[in-house]
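Working notes, structure below.
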Amino acid sequence: MTATTPADPTGRPEGPGPGPADDRVGLVPGTAPADARFVNADLLPVPVAERRWTTYNFAALWVGMAHNIPSWMLASGLVALGMDWKQAVLTIALANVIVLLPMLLTGHAGPKYGIPFPVLARASFGLRGANLPALIRAGVACAWFGIQTWIGGQGIFVLLDKVFGGTWRAATPIAGEPWTLWLCFVLFWALELALIHRGMEALRRFENWAAPFVLVGAVVLLGWIVAEAGGLGPLLDQPSRLGWGADFWPVFFPALMGMIAFWSTLSLNIPDFTRFGAGQRAQVLGQTLGLPTTMTAFALLSVLVTSGSQAVYGAPVWDPVELAARSDDVFGLLFALVTVLVATLSVNIAANVVSPAYDLANLAPKRVDFRKGALITGVVGVLIMPWKLTSTPELYIFTWLGLVGGLLGTVAGILIADYWLVRRTVLDLEGLYRADGPYWYRGGWNPAAVLAFAAGGVLAVGGSHSAPGTGPFPEDGLIPLLKPLADYGWAVGLAAALLLYTGLMGRRRRSDAPARQGARTGPAA
651 MTATTPADPT
661 GRPEGPGPGP
671 ADDRVGLVPG
681 TAPADARFVN
691 ADLLPVPVAE
701 RRWTTYNFAA
711 LWVGMAHNIP
721 SWMLASGLVA
731 LGMDWKQAVL
741 TIALANVIVL
751 LPMLLTGHAG
761 PKYGIPFPVL
771 ARASFGLRGA
781 NLPALIRAGV
791 ACAWFGIQTW
801 IGGQGIFVLL
811 DKVFGGTWRA
821 ATPIAGEPWT
831 LWLCFVLFWA
841 LELALIHRGM
851 EALRRFENWA
861 APFVLVGAVV
871 LLGWIVAEAG
881 GLGPLLDQPS
891 RLGWGADFWP
901 VFFPALMGMI
911 AFWSTLSLNI
921 PDFTRFGAGQ
931 RAQVLGQTLG
941 LPTTMTAFAL
951 LSVLVTSGSQ
961 AVYGAPVWDP
971 VELAARSDDV
981 FGLLFALVTV
991 LVATLSVNIA
1001 ANVVSPAYDL
1011 ANLAPKRVDF
1021 RKGALITGVV
1031 GVLIMPWKLT
1041 STPELYIFTW
1051 LGLVGGLLGT
1061 VAGILIADYW
1071 LVRRTVLDLE
1081 GLYRADGPYW
1091 YRGGWNPAAV
1101 LAFAAGGVLA
1111 VGGSHSAPGT
1121 GPFPEDGLIP
1131 LLKPLADYGW
1141 AVGLAAALLL
1151 YTGLMGRRRR
1161 SDAPARQGAR
1171 TGPAA
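Here the working numbering = 1-based position in the sequence shown + 650.
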């Protein structure tokens, strides 16, 4: 059996950590599992001595990821849907406080065991079954990668077109778009993959300086729109079209689930980052300081700027690139261009390339490593043609984010139930890589996890519905009986899967108890 160790032979933790009480676990050097079906260098636990990310690194990671165009459009989209700035900021702040809890719970396994998300999922779904949540997460990430890359390339195109006096937009069209737009898209795509090819340490360094730069860019945009509007007054005076009564709540609850769904992806694969953490304190403080505070502050900037655009132009401009392009100042346009580049690079690589790279490596460890997984992500993200998903606030917030949130909330419920309620944070680290270990279940699949996922998923997204002409679902819902649950998809999926999985695993353990007792007593008993 491969040994695991929380410390070096002298009893001291390997590398930086919280001190003698450090509970981080690692494999003994030179004894790594060798089954090529489930192991490669990227999936093995990070050695304890190499888990060095600090509170600042995690906070900077979130600052860099939160300050991006889609999260800006998320907040400004609420204003476009009829909320005033106070309602929009409240919705986003509450959502990010809620989503922080599963983020911290699943993130705990990272510093303790040094494992990425797909390996953690093996404990609940089985060594083969873990590919189910991993591929769902990878598919969502590929779509997000495409969305972010398209928005980034489009932003570069719009700003350069303005700089060059409209000549870029007049270029010869290919597939309905100017060839210069496709050039911006491809160049931005290549830049992203070139950066991730340098590895996680390069990503950490990039996030450290990208985070404050993007924040400065957002403040500059706010200052410009305040000057255009003639002061802060017009930004704060834009009234809510929904009020606080009967018209508000039908928009608030699905919007809240959409805001939660925005980071529900990271609430699953956050171990991909926390596995590099110097200890639990670093990941807990870093994420708590970085996520809800940054998203709330950025949401405030976004809705104030969007309210200002309504005051200046008579209608809310929810796309910050389109808004920046209305400036005639060349220096301001170039600064906005660099900000768009840095912001989109920061979030897209961290949030949408790291996870599927690990997920695809988990699917075929022998053939796919982290870098090949990143390249596959880049290709799939283009093939999805994701620009349609951000065409309207309704489609972006209610349809795309609502569906994604329901499914990923279900997976989060199973992971949290297994790690915290069933196993009490105790894993057989070496067993996560062995077909003859405790997580093989039935042919590598855990029926309890599959059943909980199926039931939770149906309850969460079965009632998905769209208003006529605004989305792909029937007005009465895919399953009309479940339509009332659709506006709460993330919460419904998480709660249903957590309760069902806990119950099924408790029943399984009770039924297995006589067999375990017989194994202990032996034939003589």
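For every residue, glycine included, the Cβ atom is placed at its ideal position computed from N, Cα and C.
Note that this is a predicted model, so its numbers are computed, not measured.
Is it the case that the Cβ atoms of residue i and residue j are separated by a distance below 8 Å?
| i | j | result |
| --- | --- | --- |
| Gly-1056 | Gly-1156 | no |
| Asn-718 | Val-997 | yes |
| Leu-608 | Leu-941 | Lying before the first or after the last residue shown, residue 608 is absent from the chain, which here runs from 651 to 1175. |
| Gln-937 | Leu-750 | yes |
| Asp-1086 | Ser-1005 | no |
| Tyr-1151 | Ala-1102 | yes |
| Val-962 | Ile-1066 | no |
| Thr-989 | Gly-867 | yes |
| Pro-679 | Tyr-763 | no |
| Thr-1060 | Ala-1147 | yes |
| Pro-766 | Ser-917 | no |
| Leu-984 | Ser-977 | no |
| Leu-724 | Met-909 | yes |
Going by CA-CA distance only, name the one from the options that's closest to residue i.
| i | options | result |
| --- | --- | --- |
| Thr-915 | Gly-816, Asp-897, His-847, Leu-1058 | Leu-1058 |
| Tyr-1176 | Gly-927, Phe-912, Gly-893 | Because the chain spans 651 through 1175 in this model, residue 1176 falls outside it and cannot be assessed. |
| Ile-1064 | Thr-756, Ala-691, Trp-722 | Thr-756 |
| Trp-722 | Asp-1078, Val-869, Trp-899, Asn-690 | Val-869 |
| Gly-789 | Gln-737, Leu-1053, Ala-1145, Ala-1146 | Leu-1053 |
| Gly-760 | Asp-673, Gly-1106, Leu-983, Asp-734 | Asp-673 |
| Val-1003 | Tyr-763, Leu-845, Leu-770 | Leu-845 |
| Ala-716 | Val-675, Ala-860, Arg-701 | Ala-860 |
| Trp-703 | Pro-679, Thr-924, Gly-680 | Thr-924 |
| Pro-768 | Lys-762, Pro-752, Ile-786 | Ile-786 |
| Tyr-791 | Leu-1025, Val-1076, Arg-1092, Thr-1075 | Residue identity differs from the one stated: residue 791 is Ala in this sequence, not Tyr. Nearest C-alpha to Ala-791: Leu-1025. |
| Asp-1019 | Pro-862, Gly-680, Val-675, Asp-692 | Asp-692 |
| Glu-700 | Val-675, Arg-687, Gln-737 | Val-675 |
If you drop the 5 nearest sequence neighbours on each side, which residues of the same chain put their C-beta closer than 6 Å to that of residue i?
| i | result |
| --- | --- |
| Ala-671 | The pLDDT assigned to Ala-671 is 46, lower than 50, so where the model puts this residue is not dependable, and the model offers no usable value. |
| Leu-1013 | Asn-781 |
| Trp-829 | Ala-821, Thr-822 |
| Leu-973 | Ser-959, Val-967 |
| Leu-810 | Trp-818 |
| Leu-770 | Ala-759, Pro-921 |
| Gln-930 | Pro-761 |
| Glu-878 | Val-962 |
| Ala-709 | Gly-936, Leu-939, Gly-940 |
| Ala-911 | Leu-1051, Val-1054, Gly-1055, Trp-1140 |
Skipping 5 residues on each side, what residues in its chain have a beta carbon closer than 8 Å to that of residue i?
| i | result |
| --- | --- |
| Leu-1135 | Leu-1109, Ala-1110, Gly-1112, Gly-1113, Val-1142 |
| Val-1100 | Phe-775, Gly-779, Leu-782 |
| Arg-1158 | Ala-1098 |
| Val-689 | Ala-682, Pro-683, Pro-1015, Tyr-1083 |
| Val-864 | Val-713, Gly-714, His-717, Asn-718, Thr-989, Val-992, Ala-993, Ser-996 |
| Ala-932 | Trp-703, Thr-704, Thr-705, Asn-707, Phe-708, Pro-761 |
| Gly-1094 | Gly-776, Leu-777, Arg-778, Gly-779, Ala-1085 |
Which same chain residues, not among the five before or five after residue i, have their C-beta less than 7 Å away from its C-beta?
| i | result |
| --- | --- |
| Tyr-1089 | Arg-772, Ala-773, Gly-776, Leu-777, Gly-1081, Leu-1082 |
| Leu-906 | Thr-741, Leu-744, Ala-745 |
| Phe-838 | Thr-799, Gly-802, Gly-803, Ile-806 |
| Ala-975 | Val-808, Leu-809, Lys-812 |
| Ala-1145 | Gly-1063 |
| Arg-754 | According to the sequence provided, residue 754 is Leu. The question's Arg does not apply to it. Val-934, Gln-937, listed in sequence order. |
| Arg-891 | Gly-732 |
| Ile-824 | Trp-832 |
| Ile-999 | Glu-842, Leu-845, Ile-846, Leu-853 |
| Trp-712 | Gln-937, Gly-940, Leu-941, Thr-944 |
| Leu-1132 | Leu-1109, Gly-1112, Gly-1113 |
| Val-739 | Thr-946, Ala-949, Leu-950, Val-953 |
| His-1115 | Phe-1123, Pro-1124, Glu-1125, Asp-1126, Gly-1127, Lys-1133, Ala-1136 |
| Val-980 | Val-813 |
Using 8 Å as the limit for Cβ to Cβ distance, is residue i near chain D?
| i | result |
| --- | --- |
| Val-747 | Included in the structure is just one protein chain, with no chain D present. |
Enumerate, from N- to C-terminal direction, the unbroken alpha helix (DSSP H) stretches of 4 or more residues contained entirely within the stretch 788-856. 829-846
Is the stretch 984-997 touching the stretch 1005-1020, taking contact as three or more C-beta pairs under 8 Å? no
Contact between the stretch 727-746 and the stretch 798-812: three or more CB pairs below 8 Å? no
Cβ contact check for the stretch 937-949 and the stretch 739-749: 3 or more pairs under 8 Å: Note that the stretch 937-949 touches the stretch 739-749; at least 3 beta-carbon pairs, one per stretch, sit closer than 8 Å.
Indicate whether the contact test is met: 3 or more Cβ pairs, each with one atom in the stretch 792-803 and one in the stretch 1020-1038, closer than 8 Å. yes
Can you list, in chain order, the stretches of the alpha helix (DSSP H) that have 4 or more residues and sit fully within the stretch 1081-1112? 1097-1111
Could you pull out every unbroken alpha helix (DSSP H) segment of at least 4 residues lying fully inside the stretch 707-786, listed in chain order? 719-730, 735-757, 759-763, 767-775
May I have a chain-ordered list of the beta strand (DSSP E) segments no shorter than 3 residues that lie completely inside the stretch 892-979? none
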